[in-house]
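Position 19 of the sequence shown, counted from 1, bears residue number 23 in our numbering, the numbering being contiguous throughout. All C-beta atoms, glycine included, are put in the ideal place defined by N, C-alpha and C. Bear in mind that the values here come from a model prediction, so they are computed numbers and not experimental data. Working notes, structure below.
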Amino acid sequence: MSLQTEFLAFHDRIKLDYDVKAELADKRDILVKILRNSGKLPGFEILNQGSYSMYTGVEPLEGKEYDIDVGLRFNANSIDYEPMDLKNIIEDILKNHTEYGASIKLPCVTVTYKKDGEPAYHVDLVAYTYEDKEDHDSQMYLARGKSSKPEEIKWEKSDPKGLIDYINNAVDEADRNQYRRVIRYFKRWKNIKFNSDGHAEPASIGITLIAADYFEAFSAEDGYDDFYAFKSLAKNIKALFTFVGISDKGRMLYRIKYPMPETLNFESDTDAFSKMSDSQMTDFKDKLEKLIKELENVESEADEVKQYEILHKIFGDDFHVPDAKDISKQQANYIPSSSASGAKQL
């Protein structure tokens with residue numbers, strides 16, 4: 005038995021279940037068919053977005069919902085529509101589709117489904133148009149806004165397909181499985197350690213973008229070493245924080261500003277962590293430093309059971325602590341030295 009064996013078992017437990025992915029896809033297809041057949045919208049192509057398309061989905065914690073992001077790339081010019089026009093039509097078409105109806109959010113229209121009497125799934129429909137509908141390589145625009153916040157209604161430059169390709173192709177194919185596993189480990193860690201209400205929890209797209217740029221593949225004599233790959237990314241994220249000031253209460257504040265890649269066609273002032281306050285970002289830094297310390301404790305701990313207990317504390321109940329009788333309890337220098345391979349140099 006080894007840490008890598010337990011990491012892989014942990015990954016299998018938190019990875020989004022195939023049957024759930026199929027159920028989400030079925031709900032997506034039903035909604036798309038309703039919209040296509042409504043006769044109220046211009047034609048469109050769909051684009052799966054988010055973790056579904058990046059192969060980094062994780063099982064939600066108890067009480068949280070499964071979700072899928074679906075881009076609707078309308079064959080329309082942005083200049084011919086106001087940003088709310090298409091979103092309002094989508095909401096009107098789907099308002100009676102489920103018990104919860106459809107609700108307009110700043111970046112999308114959300115349709116929620118229930119299972120066993122509780123909200124269980126939601127589909128986020130994102131409306132896009134083109135600068136020139138005759139040229140699908142032209143600039144795309146996302147319909148951002150909701151009626152209750154008129155100051156935020158706008159057409160926003162976006163490059164959803166470019167972003168998916170950037171993240172999916174950031175790492176050599178040989179190392180992509182470890183890359184995606186490490187992103188899933190981070191998602192589960194932050195789901196456990198941060199309150200998901202408001203914007204206290206770091207945005208998944210921010211973590212994923214940093215992983216795309218800073219992930220290092222690690223291997224040991226008998227294969228990949230996820231422990232060191234995870235620890236390496238944690239340290240790389242920590243190094244990105246910069247001092248931004250002092251709060252009214254005298255707290256030193258830090259944050260990461262992480263824009264969309266310059267090679268993609270997004271607004272120039274984007275920031276994956278823009279919704280988080282300086283205080284929330286500093287909380288992120290503090291918890292990340294604690295995580296790194298805990299990982300160092302795992303590395304220096306000779307008692308294998310205690311190593312698993314620390315990892316259980318980090319990742320929650322899905323990281324199991326094997327029975328002592330099943331493992332060799334005392335191992336000097338238990339974690340073998342690992343080496344980075346295929347690291348992306350910036």
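Does the Cβ-Cβ distance between residue i and residue j come in under 8 Å?
{"i": "Ile93", "j": "Lys44", "result": "yes"}
{"i": "Ala174", "j": "Ala216", "result": "yes"}
{"i": "Cys193", "j": "Leu295", "result": "Here residue 193 turns out to be Trp, not Cys, going by the sequence shown. A contact, by the Cβ cut-off of 8 Å."}
{"i": "Ala221", "j": "Gln182", "result": "yes"}
{"i": "Gly75", "j": "Ile50", "result": "yes"}
{"i": "Ile260", "j": "Thr212", "result": "no"}
{"i": "Lys19", "j": "Val62", "result": "yes"}
{"i": "Ala26", "j": "Pro87", "result": "no"}
{"i": "Asn100", "j": "Lys137", "result": "no"}
{"i": "Thr286", "j": "Tyr258", "result": "yes"}
{"i": "Ala238", "j": "Leu292", "result": "yes"}
{"i": "Ile1", "j": "Met58", "result": "Outside the displayed range of the chain (5 to 350) lies residue 1, so it cannot be described from this structure."}
{"i": "Glu271", "j": "Lys91", "result": "no"}
{"i": "Arg17", "j": "Asp322", "result": "yes"}
{"i": "Met280", "j": "His203", "result": "yes"}
Let me know if residue i comes out buried or exposed under the rule of 16 or more other beta-carbons within 10 Å of its beta-carbon.
{"i": "Asn195", "result": "buried"}
{"i": "His126", "result": "buried"}
{"i": "Ala336", "result": "Per-residue confidence for Ala336 stands at a pLDDT of 44, beneath the threshold of 50, marking its modelled position as unreliable; the derived number appears in the next sentence. Answer is exposed; the Cβ neighbour count stays below 16."}
{"i": "Glu205", "result": "buried"}
{"i": "Thr114", "result": "buried"}
{"i": "Val302", "result": "buried"}
{"i": "Phe11", "result": "buried"}
{"i": "Tyr22", "result": "exposed"}
{"i": "Asp120", "result": "exposed"}
{"i": "Gly105", "result": "exposed"}
{"i": "Lys197", "result": "buried"}
{"i": "Glu155", "result": "exposed"}
{"i": "Glu122", "result": "exposed"}
{"i": "Lys297", "result": "exposed"}
{"i": "Ser55", "result": "buried"}
{"i": "Lys118", "result": "exposed"}
In angstroms with no decimal places, state the Cα-to-Cα distance between residue i and residue j.
{"i": "Lys153", "j": "Cys112", "result": "14 Å"}
{"i": "Lys253", "j": "Asp290", "result": "17 Å"}
{"i": "Pro164", "j": "Phe14", "result": "30 Å"}
{"i": "Asp128", "j": "Thr102", "result": "14 Å"}
{"i": "Tyr218", "j": "Leu299", "result": "18 Å"}
{"i": "Glu135", "j": "Val325", "result": "54 Å"}
{"i": "Glu266", "j": "Lys310", "result": "44 Å"}
{"i": "Gln8", "j": "Ile72", "result": "30 Å"}
{"i": "Thr133", "j": "Ser278", "result": "24 Å"}
{"i": "Gly166", "j": "Glu308", "result": "43 Å"}
{"i": "Phe247", "j": "Arg255", "result": "11 Å"}
{"i": "Arg180", "j": "Gln284", "result": "31 Å"}
{"i": "Phe78", "j": "Arg32", "result": "16 Å"}
{"i": "Val226", "j": "Arg185", "result": "Checking the sequence, you will find Asp at residue 226 rather than Val. In a straight line, the C-alpha of Asp226 is about 18 Å away from that of Arg185."}
{"i": "Asp327", "j": "Ser6", "result": "13 Å"}
{"i": "Asn52", "j": "Val36", "result": "12 Å"}
{"i": "Ala233", "j": "Phe288", "result": "20 Å"}
{"i": "Tyr189", "j": "Ile34", "result": "32 Å"}
{"i": "Glu313", "j": "Ile38", "result": "49 Å"}
{"i": "Gly47", "j": "Glu95", "result": "17 Å"}
{"i": "Gln334", "j": "Ser304", "result": "For Gln334, the predicted model reports a pLDDT of 46, less than 50, meaning its position is unreliable; a value from the coordinates is still stated below. Spanning the two alpha carbons is a distance of roughly 12 Å."}
{"i": "Lys235", "j": "Gly149", "result": "38 Å"}
{"i": "Gln349", "j": "Ala178", "result": "Bear in mind that the predicted position of Gln349 carries a pLDDT of just 36, short of 50, making it too unreliable to give a figure here."}
{"i": "Ile157", "j": "Asp89", "result": "11 Å"}
{"i": "Leu65", "j": "Leu268", "result": "33 Å"}
{"i": "Asn199", "j": "Lys317", "result": "17 Å"}
{"i": "Lys140", "j": "Thr116", "result": "It is His, not Lys, that sits at residue 140 in the sequence shown. For His140 and Thr116, the distance between alpha carbons rounds to 31 Å."}
{"i": "Asp201", "j": "Val24", "result": "24 Å"}
{"i": "Asp282", "j": "Phe245", "result": "11 Å"}
For residue i and residue j, which I take to be in contact (beta-carbon distance under 8 Å), what is that distance rounded to the nearest angstrom?
{"i": "Lys60", "j": "Ile209", "result": "Lys is not the amino acid found at residue 60; the sequence shown has Thr there. Wrong, their Cβ atoms sit about 10 Å apart, outside the cutoff."}
{"i": "Ile352", "j": "Ser42", "result": "This structure cannot settle anything about residue 352, because the visible part of the chain is limited to 5 through 350."}
{"i": "Tyr70", "j": "Ala124", "result": "7 Å"}
{"i": "Ile214", "j": "Ile241", "result": "6 Å"}
{"i": "Ala207", "j": "Ala306", "result": "Wrong, their Cβ atoms sit about 38 Å apart, outside the cutoff."}
{"i": "Asp230", "j": "Ser223", "result": "No, Asp230 and Ser223 are not in contact; Cβ-Cβ is about 10 Å, not under 8 Å."}
Every unbroken beta strand (DSSP E) within the region 18-74, with a cutoff of 3 residues, ordered by chain: 48-53
3-residue-minimum beta strand (DSSP E) runs that sit fully inside the region 81-110, ordered along the chain: 106-108
3 or more residues per run - each beta strand (DSSP E) lying fully within the region 180-236: Within the region 180-236, the complete beta strand (DSSP E) runs of at least 3 residues are 221-224.
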